[in-house]
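Quick note, my numbering runs 46 ahead of the 1-based positions in the sequence shown. Cβ atoms here follow ideal geometry from the backbone N, Cα and C, with glycine treated the same way. This one's a predicted model, so the numbers in the text were calculated from it and none came from an experiment.
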Amino acid sequence: MAETRAELRAHEIFTTLEYGPVPESYACATAWLDTQDRCLGHYVNGKWLKPVHGDIVPWWDPISGEKLATCLQAQKEDVAAAVEAARNSFLSWSKLPGAARAQHLTRLAKMIQKHQRLLWTLESLATGRAIREVRDGDVPLAQQLLQFHAVQAYTQEEALAGWEPVGVVGLILPPKFSFLEMMWRICPALAMGCTVVALVPLASPTPLLLAQLAGELGSFPGIINVISGPASLGPALASWPGVQKVAFCGAIEEGRALRRTLAGEGAELGLALGTESLLLLTDSADVDSAVEGVVDAAWSDRSPGGLRLLVQESVWDETMKRLQVRMGRLRGGQEVDGAVDMGVKEPTAYILARNYVEEARKQGAQVFQASEMPSVSPFCPPTLITGLPPASPCAQAEVPWPLVMASAFRTAKEALAIVNGTPRGGSASVWSERLGLALELGYGLQMGTVWINAHGLRDPAVPTGGCKESGSSWHGGLDGLYEYLRPSGTPARVPFLCENLNYDTFGLAVPPALPAGPEMGPSPAPPYGLFVGGRFQAPGSRSSRPIQDSSGNLHGYVAEGGAKDVRDAVEAAHHAAPGWAGQSPAARAALLWALAAALERRVPTLASRLERQGVELKAAKAEVELSIQRLRTWGAQAQAQGHTLQDMATLFPAGLVNVVTGNRDHLTRCLALHQDIQALWYFGSAQGSQFVEWASAGNLKPVWVNRGCPRAWDQEAEGAGPELALRAARTKALWLPMGD
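Pasting the structure below:
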């Protein structure tokens with residue numbers, strides 16, 4: 047007998063209550079694909095671009111194996127078209143008043159609101175992520191990002207006076223990105239007046255839809271251009287003439303390779319690398335809350351990568367027990383199911399996770415999984431790895447999604463040593479009910495972003511970024527805006543590539559310095575030697591080089607520094623850094639003003655020494671006076687102390703300032719290749735600038751080079767402007783949740 051309509055409805059309700067929410071439909075996503083004839087091309091200058099020269103790649107549903115569409119693979123001709131469209135749009139977009147750009151961004155936010163169901167279903171279909179994560183998290187936050195940056199554009203002329211947009215931005219995204227990561231970078235770029243060319247992986251329809259929505263607003267169709275292609279096309283986009291800034295998100299080794307490829311190309315490079323995060327659980331934590339933090343950090347579809355879990359020994363057993371119970375309640379499956387905790391990732395992520403598990407077992411790890419790792423299914427079960435020796439390769443490597451690699455620690459000091467001893471510095475959370483301990487650990491962790499008793503919180507007004515090998519670029523807040531700005535009047539960045547530069551031999555040999563004759567005038571002071579660790583010391587080479595004036599007269603010798611001296615200086619600076627950073631801002635200001643006062647009392651002496659080196663007396667006095675002014679400028683409002691110059695060595699920590707003299711190229715090589723130097727400024731030749739950019743890929747230190755162009759240090763804008771403060775400081779976002 048046929049069931050009545052009421053009986054069918056009752057059965058539907060019962061099924062829903064028993065098995066969870068009714069799965070969402072992909073009808074709107076497939077309907078949009080039908081409008082493209084199931085063939086995805088590129089979106090450039092407000093139009094769909096489907097060139098006949100592109101290779102065709104099929105896009106398969108990872109669960110059903112159904113062919114969803116075909117994708118056209120971009121070629122260099124498509125890169126050229128996209129960059130040209132962005133350059134043409136930049137001419138008008140960048141000259142708009144901030145209020146007009148704000149209005150445009152607000153309209154785009156409303157377009158996303160109108161088509162949000164299409165966005166979340168298409169994103170879930172393309173990435174395999176649970177649809178509720180995209181629906182309830184990504185899409186609303188994308189609208190917030192546009193609205194927040196619309197406000198920043200509206201106030202740009204007043205709040206960011208003296209800055210201008212960098213120009214065309216090339217955005218390179220990895221295979222396992224979410225469209226929200228694209229929004230974090232596109233929004234500030236557009237708000238500040240830049241235009242964007244985004245290179246996304248094949249089978250990434252959501253960025254193409256976003257570009258289409260922006261293009262349908264009219265007026266400025268080329269501000270967002272999206273091309274689909276392989277990762278091998280990234281260097282071509284990054285080095286394309288006219289691209290002024292490159293924002294790269296991806297694996298650490300890929301970022302390292304791109305840094306070397308772009309050396310000397312001119313474009314500024316911002317790196318956001320790796321996906322691993324850290325969770326530090328102390329014995330004073332609420333363990334149940336911390337376990338939920340682990341779930342959010344590693345096994346929700348908000349997490350892009352795996353998790354490194356550090357647990358204090360006294361709560362290790364209890365934590366592992368509760369964590370394994372919680373893992374058993376996690377649910378994986380088709381992303382359309384609203385009750386699913388974990389969807390699927392693209393195939394390479396699954397293969398990476400499976401290989402990591404197999405290798406960890408070989409290295410002696412204990413592996414706990416809520417279910418067995420299937421050999422062919424795209425679903426990866428929640429996985430907990432313990433018992434790895436600290437020196438094992440898997441313990442040192444980045445942990446992939448959806449794995450958690452757990453280890454124990456005894457004291458807070460040991461935890462800091464373990465974490466800070468790794469080359470990565472992305473994001474972390476600290477769990478402790480003792481606020482003092484939580485803040486001590488939060489400040490001590492060498493991480494760009496730290497949450498207290500929470501994990502993964504995001505807000506458009508709060509900067510998010512990393513340090514060390516996790517990259518040095520930021521998104522969100524004021525720091526995210528400065529990523530796409532440069533001081534007004536700065537010339538466009540152009541390539542300064544020296545094709546014949548040999549990286550293996552640059553600065554390797556030091557030219558011999560032979561005696562140059564009798565010295566003229568009094569012996570130079572301070573005494574001969576290098577100033578390292580708060581005292582003068584002889585150079586490791588036991589060699590020197592002559593100092594001559596413009597007439598060729600010899601005035602003395604300076605020490606010839608080398609690799610050993612650089613190592614000593616870096617070690618001394620590392621010893622001095624905690625003491626100097628631990629000083630209050632007022633104390634640091636007072637010491638800088640004290641140094642300025644000491645220099646002021648010795649203006650005639652210092653000016654005469656500069657004069658003996660060939661500087662005109664008037665210019666020498668101006669240089670000393672400008673140095674005094676700069677010390678006071680950076681020193682804040684504090685009263686000068688009555689110390690002499692010789693007393694400065696007792697005021698400042700030994701090793702705070704170290705001076706190594708010698709051959710510039712040789713010392714540049716030593717500094718650029720040093721793995722413990724955390725940032726490097728170089729103002730010299732174009733060849734030296736190119737070498738510094740290439741060599742910095744070793745530990746991915748941020749560098750600032752002049753590309754062989756002179757810099758007017760005596761001018762206020764270039765010698766004491768806000769750009770120096772940005773280059774000299776590193777932001778750290780520390781989240782401290784309050785209230786409900």
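> By a C-beta neighbour count over all protein chains shown, 10 Å radius and 16 as the cutoff for buried, is Leu355 buried or exposed?
Replying inline: Against the sequence shown, residue 355 aligns to sequence position 309. It is buried - the Cβ of Leu355 has at least 16 other Cβ atoms within 10 Å.
> Straight-line CA distance for Gln683 to Gly767?
Replying inline: Numbered from its first residue, the sequence shown carries residue 683 at position 637. Numbered from its first residue, the sequence shown carries residue 767 at position 721. Note that Gln683 scores a pLDDT of 43, beneath 50, so its modelled location is shaky; the value from the coordinates is reported in the next line. Approximately 18 Å, taken between the alpha carbons.
>> In whole angstroms, give me the CA-to-CA distance for Glu405 and Glu322.
In response: Here residue 405 corresponds to residue number 359 of the sequence shown, with the count starting at 1. Here residue 322 corresponds to residue number 276 of the sequence shown, with the count starting at 1. Cα to Cα, the separation comes out at about 18 Å.
>> DSSP three-state label for Glu210, please.
In response: Counted from its first residue, the sequence shown places residue 210 at position 164. Residue state, collapsed to three classes: strand.
>> Give me, in chain order, the residues of the same chain whose beta-carbon lies closer than 6 Å to that of Arg426; leave out the 5 immediate sequence neighbours on both sides.
In response: Working through the sequence shown from its first residue, we reach residue 426 at position 380. Position check: residue 426 holds Cys in this sequence, whereas Arg was assumed. Here the set comprises Tyr396, Ala399, Pro448.
> Which residues in the same chain have their Cβ closer than 7 Å to the Cβ of Arg163, if we skip the five residues on either side of it in sequence?
Replying inline: Here residue 163 refers to the residue found at position 117 of the sequence shown. The residues are Cys74.
> Just curious, the alpha helix (DSSP H) that Ala132 is in, first and last residue?
Replying inline: For the purposes of this step, residue 132 is identified with residue 86 of the sequence shown, where counting begins at 1. From DSSP, the alpha helix (DSSP H) with Ala132 extends over 122–139.
> Is the beta carbon of Met228 sitting closer than 9 Å to the one on Pro267?
Replying inline: As a working mapping, residue 228 is identified with position 182 in the sequence shown. As a working mapping, residue 267 is identified with position 221 in the sequence shown. For Met228 and Pro267, no; Cβs fall outside 9 Å.
> What separation, rounded to the nearest whole angstrom, lies between the Cα atoms of Pro276 and Pro247?
Replying inline: The residue you call residue 276 lines up with position 230 of the sequence shown. The residue you call residue 247 lines up with position 201 of the sequence shown. Those two C-alpha atoms are separated by around 6 Å.
> Looking at C-beta atoms only, is the number of pairs between the segment 88–96 and the segment 256–273 that lie closer than 8 Å three or more?
Replying inline: yes
> Which term fits Ile4, buried or exposed, when burial requires 16 or more other beta carbons within 10 angstroms of its beta carbon?
Replying inline: Any question about residue 4 goes unanswered here, given that the chain covers just 47 to 786.
>> Along the chain, where does the beta strand (DSSP E) containing Asn401 start, and where does it finish?
In response: Along the sequence shown, one-based indexing puts residue 401 at 355. Looking at the DSSP string, Asn401 is not in any beta strand (DSSP E); the run it does join, the alpha helix (DSSP H), is 393–408.
> If Leu726 sits next to Ser516, beta carbons under 8 Å apart, how far is it from one beta carbon to the other, in whole angstroms?
Replying inline: In the sequence shown, residue 726 corresponds to position 680, counting from 1. In the sequence shown, residue 516 corresponds to position 470, counting from 1. That belief does not hold up - the Cβ atoms of Leu726 and Ser516 are roughly 18 Å apart, past 8 Å.
> Where does the unbroken beta strand (DSSP E) through His601 begin, and where does it stop?
Replying inline: Counted from its first residue, the sequence shown places residue 601 at position 555. From DSSP, the beta strand (DSSP E) with His601 extends over 600–605.
> Enumerated in chain order, which unbroken segments of the alpha helix (DSSP H) with a length of 4 residues or greater are wholly contained in the segment 410–496?
Replying inline: 439–442, 458–466, 481–490
> Three-state secondary structure (DSSP) at Gly264?
Replying inline: Sequence index remark: in the sequence shown, residue 264 carries index 218 (1-based). Coil, per DSSP.
>> With distance defined between alpha-carbon atoms, name the residue in Val556, Leu217, Ala584, Gly471 nearest to Cys240.
In response: Counted from its first residue, the sequence shown places residue 240 at position 194. Taking only the C-alpha atoms, the option nearest Cys240 is Leu217.
> With burial defined as no fewer than 16 other Cβ atoms inside 10 Å of the residue's Cβ, what is the status of Arg678: buried or exposed?
Replying inline: For this step, residue 678 is matched to residue 632 along the sequence shown. Burial call: buried.
> What do you get for Leu759, buried or exposed, if any count of 16 or more other CB atoms within 10 angstroms of its CB means buried?
Replying inline: Position 713 of the sequence shown, counted from the start, is the residue given in the question as residue 759. Checking the sequence shown, residue 759 turns out to be Trp, not Leu. Per the 10 Å Cβ criterion, exposed.
>> Looking at His99: is its Cβ nearer than 9 Å to the Cβ of Ala128?
In response: Position 53 of the sequence shown holds residue 99. Position 82 of the sequence shown holds residue 128. Contact: no.
> Who pairs with Gly100 in a beta bridge, going by DSSP?
Replying inline: One-based indexing of the sequence shown puts residue 100 at position 54. None, per the DSSP bridge assignment.
> Would DSSP call Thr167 helix, strand or coil?
Replying inline: Counting from one through the sequence shown, the residue named residue 167 turns up at place 121. Reduced to three states, the DSSP call for Thr167 is helix.
>> Would the segment 322–333 count as touching the segment 292–312 if we require 3 or more Cβ pairs under 8 Å?
In response: no
> What is the rounded straight-line gap between the Cα of Asp347 and the Cα of Asp505?
Replying inline: Residue 347 sits at position 301 when you count from the first residue of the sequence shown. Residue 505 sits at position 459 when you count from the first residue of the sequence shown. Between Asp347 and Asp505, the C-alpha separation is close to 18 Å.
> In terms of alpha-carbon separation, which member of Ala249, Pro186, Pro537 lies closest to Cys85?
Replying inline: Within the sequence shown, the letter at position 39 stands for residue 85. The shortest C-alpha separation from Cys85 is found at Ala249.
>> Spatial neighbours of Ala653 within its chain, please: C-beta separation below 7 Å, excluding the five flanking residues on both sides.
In response: Here residue 653 corresponds to residue number 607 of the sequence shown, with the count starting at 1. Cβ within range, chain order: Leu663, Ala666, Lys667, Val670.
> How about Ala146 and Gln202: do their beta carbons lie closer than 9 Å?
Replying inline: By one-based count along the sequence shown, residue 146 stands at place 100. By one-based count along the sequence shown, residue 202 stands at place 156. No, the Cβ-Cβ distance between Ala146 and Gln202 is not below 9 Å.
>> Using a Cβ distance threshold of 8 Å, determine whether the segment 595–603 contacts the segment 618–631, with at least three qualifying pairs required.
In response: no
> Rounded to the nearest angstrom, how far is the Cβ of Leu780 from that of Gly339, given a contact under 8 Å?
Replying inline: The residue you call residue 780 lines up with position 734 of the sequence shown. The residue you call residue 339 lines up with position 293 of the sequence shown. With 8 Å as the limit, Leu780 and Gly339 do not qualify as a contact, their Cβ atoms being about 16 Å apart.
>> Can you find the residues in the same chain that come closer than 6 Å, C-beta to C-beta, to Arg377, ignoring five residues on each side of it along the sequence?
In response: As a position in the sequence shown, residue 377 is number 331, starting the count at 1. The residues are Val386, Asp387.
>> Comparing C-alpha positions only, which one of Pro234, Leu531, Gln736, Leu483 sits nearest to Ala207?
In response: Locating residue 207 in the sequence shown gives position 161, counting from the first residue. Looking at the Cα atoms, Leu531 is the closest of the given residues.
>> Restricting to Cα atoms, I'd like to know which of Pro592, Val212, Val751, Met366 is closest to Ala132.
In response: Looking up residue 132 in the sequence shown gives position 86. Nearest C-alpha to Ala132: Val212.
>> Quick test of your reading: His712 and Gly608, contact by CB under 8 Å. State the CB separation rounded to the nearest angstrom.
In response: Mapped onto the sequence shown, residue 712 falls at position 666. Mapped onto the sequence shown, residue 608 falls at position 562. With 8 Å as the limit, His712 and Gly608 qualify as a contact, their Cβ atoms being about 7 Å apart.
>> By alpha-carbon positions, which one of Lys747, Gln761, Thr777, Ala771 ends up nearest to Leu315?
In response: On the sequence shown, position 269 is the one that residue 315 refers to. Checked all of Lys747, Gln761, Thr777, Ala771; the closest Cα to Leu315 is Lys747.
> What does Ala284 pair with, by DSSP beta-bridge criteria?
Replying inline: On the sequence shown, position 238 is the one that residue 284 refers to. BP columns for Ala284 are empty, so no partner.
>> Please classify Gln583 as buried or exposed, where buried requires at least 16 other C-beta atoms within 10 Å of its C-beta.
In response: Along the sequence shown, one-based indexing puts residue 583 at 537. Exposed is the call here.
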